[in-house]
Amino acid sequence: RKEVEQDPGPFNVPEGATVAFNCTYSNSASRSFFWYRQDCRKEPKLLMSVYSSGNEDGRFTAQLNRASQYISLLIRDSKLSDSATYLCVVNKGRGSTLGRLYFGRGTQLTVWP
Amino acid sequence: DAGVIQSPRHEVTEMGQEVTLRCKPISGHNSLFWYRQTMMRGLELLIYFNNNVPIDDSGMPEDRFSAKMPNASFSTLKIQPSEPRDSAVYFCASSLWGLDQPQHFGDGTRLSIL
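And the structure:
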């Protein structure tokens, strides 16, 4: 089983739609979680960290479910500029320095006008 | 503020040649990471350093790959000899400290081995 798994999509949604992605991880001891976005032929950029209590940044909401070992990303009121690949990242860790980072393969989102 | 700086942006070379990729992390960041990204395997962590010391190199594919960080502002990833299957985009990233902090990526080096 892969360490981190994501639905590759593609998700094709109209502007204004709400879309949600999930990412499952295999190790219950995983300790930190992130969502990155990557535009075509560009570097990954941090979208948001995911905290245990869930967190929101504008139109983006991230949640962590430790019991079921998944994190989610909700995008409300989708914009054309949200079109990108969204990568889930997990620190399968024994600590902040002794862990290991795993990236999901990414979920591709296309927002159409 | 300057981000992570990688060079070269593109490299095309023949198999068997030595390839050296370079990275300058963000000033003040204590952790540096080298990644490889391919369509087949996605983004893979190759090695990471804390305070210039390699912490985890278990992602380095084989002995042909080596990485060094002689000081806090410079790192290299070397492939010798290179093979066509090494063709990929190589990213360098840095963070303030360790794996729990957000990482800032460079623009990447697109490597093609003919």
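Protein sequence lines correspond, in order, to chains A and B.
The working numbering applies: residue 1 is where the first sequence begins, and numbers increase by one.
The working numbering applies: residue 1001 is where the second sequence begins, and numbers increase by one.
In this text, a Cβ means the ideal position worked out from N, Cα and C, and glycines have one as well.
- Beta-carbon neighbours of residue 45(A), restricted to chain B and to distances below 9 Å: By Cβ distance, chain B contributes 1104 and 1105.
- Item | Under 9 Å from the C-beta of residue 1091(B): neighbouring residues of chain A | 43 and 44
- Answer yes or no: do residue 1014(B) and residue 1114(B) have a C-beta to C-beta separation smaller than 8 Å? It is a contact, given that the beta carbons lie within the stated cut-off.
- Should the stretch 103 to 112 of chain A be regarded as contacting the stretch 1077 to 1087 of chain B, the criterion being three or more beta carbon pairs within less than 8 Å? no
- The beta strand (DSSP E) enclosing residue 13(A), as first and last residue numbers: 11 to 14
- Item | Top-ranked residue by Cα proximity to residue 68(A), from 24(A), 20(A), 19(A) and 11(A) | 24(A)
- Answer yes or no: do residue 22(A) and residue 70(A) have a C-beta to C-beta separation smaller than 8 Å? yes
- What residues are listed by DSSP as bridge partners for residue 122(A)? Outside the shown range of chain A (1 to 113) lies residue 122(A), about which nothing can therefore be said.
- Do residue 12(A) and residue 107(A) have their C-beta atoms closer together than 8 Å? No, Cβ-Cβ distance for residue 12(A) and residue 107(A) is not below 8 Å.
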